[in-house]
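Everything below concerns the one structure shown next.
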Amino acid sequence: MRILVTGGAGFIGSNLIHYWLKNHPDDQVVNLDALTYAGHLESLTDVENNPNYKFIKGDITDQKIVSDAMNGVDIVIHFAAESHVDRSIIDPLQFVKTNILGTAVLLNAAVETEVKRFHHISTDEVYGELGPNDPPFGEKNAYAPRTPYAASKAGSDHLVRAYHQTYGLPVTISNCANNFGSYHDPEKLIPRFITNLLEGKRVPLMGKGENIREWLHVLDHAAAIDLVLKKGEIGETYLIQGEEKTNLEITQMILKILGLGEDMIEFVEHRLGHDFRYAIDGSKLKSLGWERKHSLEEDLPIVVSWYKENEWWWKPLKGNRPNVDRVAQKSYNQ
Ligand SMILES: NC(=O)c1ccc[n+]([C@@H]2O[C@H](COP(=O)([O-])OP(=O)(O)OC[C@H]3O[C@@H](n4cnc5c(N)ncnc54)[C@H](O)[C@@H]3O)[C@@H](O)[C@H]2O)c1
């Protein structure tokens with residue numbers, strides 16, 4: 020089998036490639052990635068000489084590159100996206116370009132090549148926000164995205180379904196909760212907080228940390244995608260559920276693991292349009308036989324240890340980056 024992974028140098032894509040080469044040693048994996056600020060080939064150094072792994076540097080909005088990369092491919096697993104909500108507040112058009120146009124270019128090439136499956140990775144954020152006592156979203160809920168990021172992902176999901184209906188492209192979609200694990204860019208909440216604390220800096224927590232997210236270990240996510248490819252029904256969507264926690268609870272867990280106190284928290288303004296809560300009902304995927312094998316309780320300490328031991332990976336990434344949450348806040352407060 021030849022698998023095209025888009026965005027394989029990013030957080031979830033690189034973990035999926037590790038997972039895939041380990042669990043499907045006879046498959047060939049092609050990684051198509053533009054290496055934006057979020058793409059790190061350093062996450063894949065241990066597989067770069069594997070004869071079943073090939074890297075192509077290229078943009079998913081480039082029709083020629085995509086059509087060449089699609090050559091001989093059986094399955095596409097599409098991760099490549101602009102993925103940081105704060106960046107979508109600063110530069111929404113880049114999100115529309117990559118997430119919507121890029122997905123359409125891939126879908127066109129997949130129809131042309133007659134791939135056996137196009138699996139699209141999406142997010143729980145397309146459904147919008149929930150109140151504290153609302154039931155979790157299910158696959159049939161209407162989309163109500165509230166950020167440029169979520170709206171661009173919703174647009175890409177609609178295109179994937181439209182290509183299934185119109186051209187008969189065999190697609191599946193999974194929408195997942197927030198992921199945690201190793202090789203997670205230090206711009207995102209959990210790795211930013213861990214690495215700030217390892218550097219002796221405080222952690223910027225929005226509001227009072229009352230916002231609620233679900234958290235899913237990235238390797239549970241990889242196993243869920245594998246299962247949907249094996250047992251999922253063509254044209255269907257599967258939600259991949261995590262564990263619900265407030266951002267304050269996550270922060271307290273990290274502080275406890277590192278033996279630090281709450282004086283290390285700096286409470287900052289909410290981001291614009293900060294969604295209060297996301298939660299999804301994963302029973303449809305569970306009916307295929309999926310179960311979470313990892314938990315925050317057991318795995319967050321392992322992730323913290325990974326960041327302690329792998330400064331070589333994250334230190335260079337923190338150096339020249341602006342604090343994008345602050346930039347997003349400022350650009351609209353002026
Ligand atoms: N991280 C999460 O918690 C989470 C949760 C739900 C859904 N998702 C979705 O999962 C997917 C992967 O997320 P992630 O956290 O690994 O993202 P990431 O930002 O870590 O990685 C994105 C990757 O895509 C590449 N990329 C960006 N634009 C590209 C382009 N135009 N052409 C080719 N490559 C390009 C980047 O270089 C990077 O390697 C995304 O589609 C995201 O919407 C992520």
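Going by this note's numbering, the letters in the sequence shown line up with residues 20 to 353, in that order. In this text, a Cβ means the ideal position worked out from N, Cα and C, and glycines have one as well.
Any non-hydrogen atom of ligand 1 within 7 Å of residue i CB
i	result
Thr265	no
Asp370	What the structure shows of the chain is the stretch from 20 to 353, and residue 370 is not part of that stretch, so it cannot be assessed.
Asn197	yes
Ile360	The displayed coordinates of the chain run from 20 to 353. Any statement about residue 360 would go beyond what the structure contains.
Leu60	no
Asp78	yes
Asp52	yes
Ala28	yes
Thr132	no
Phe98	yes
Gly32	yes
Glu316	no
Glu101	yes
Thr256	no
Nonlocal neighbours in the same chain, by C-beta distance under 6 Å from residue i, ignoring five residues either side
i	result
Met20	Asp46 and Asp93
Ile423	Lying outside 20 to 353, the shown extent of the chain, residue 423 is not represented and no answer is given.
Gly226	His289
Gly121	Ile79 and Thr80
Nearest-angstrom beta carbon gap, residue j and residue i [assumed within contact, 8 Å]
i	j	result
Val346	Ile109	6 Å
Ala123	Leu178	5 Å
Thr142	Ile79	Their Cβ separation, rounded to whole angstroms, is 17 Å, which puts Thr142 and Ile79 out of contact at 8 Å.
Phe137	Leu188	6 Å
Leu235	Ala196	5 Å
Tyr257	Glu144	About 16 Å separates the two Cβ atoms, so there is no contact after all.
Glu281	Leu274	7 Å
Ser175	Asn118	5 Å
Secondary structure of residue i, DSSP reduced to three states
i	result
Ile244	helix
Pro223	strand
Lys159	coil
His293	coil
Asn230	coil
Asn352	With a pLDDT of 45 at Asn352, under the threshold of 50, the modelled position of this residue cannot be trusted; read the value that follows with caution. DSSP places Asn352 in helix when its eight states are reduced to three.
Asn34	helix
Ile109	helix
Cutoff 8 Å; reference residue i; Cβ partners in own chain excluding five residues on either side
i	result
Gly58	Gly26, Ala28, Gly29 and Asp52
Sequence-distant residues of its chain with Cβ nearer than 7 Å to residue i (five each side left out)
i	result
Ala128	Val85, Ser86 and Met89
Residue i at chain D interface by Cβ criterion, 8 Å
i	result
Thr191	Although the question refers to chain D, the structure presented lacks it and comprises just one protein chain.
For the 8 Å Cβ check, are there 3 or more pairs between the region 197-211 and the region 153-173? no
Would you call the region 106-120 and the region 83-97 in contact, with 3 or more CB pairs under 8 Å? no
For the structure I just gave you, are there three or more beta carbon pairs, one from the region 219-233 and one from the region 263-283, closer than 8 Å? yes
Decide if the region 242-254 is in contact with the region 308-320; the criterion is three or more beta carbon pairs, one per stretch, under 8 Å apart. yes
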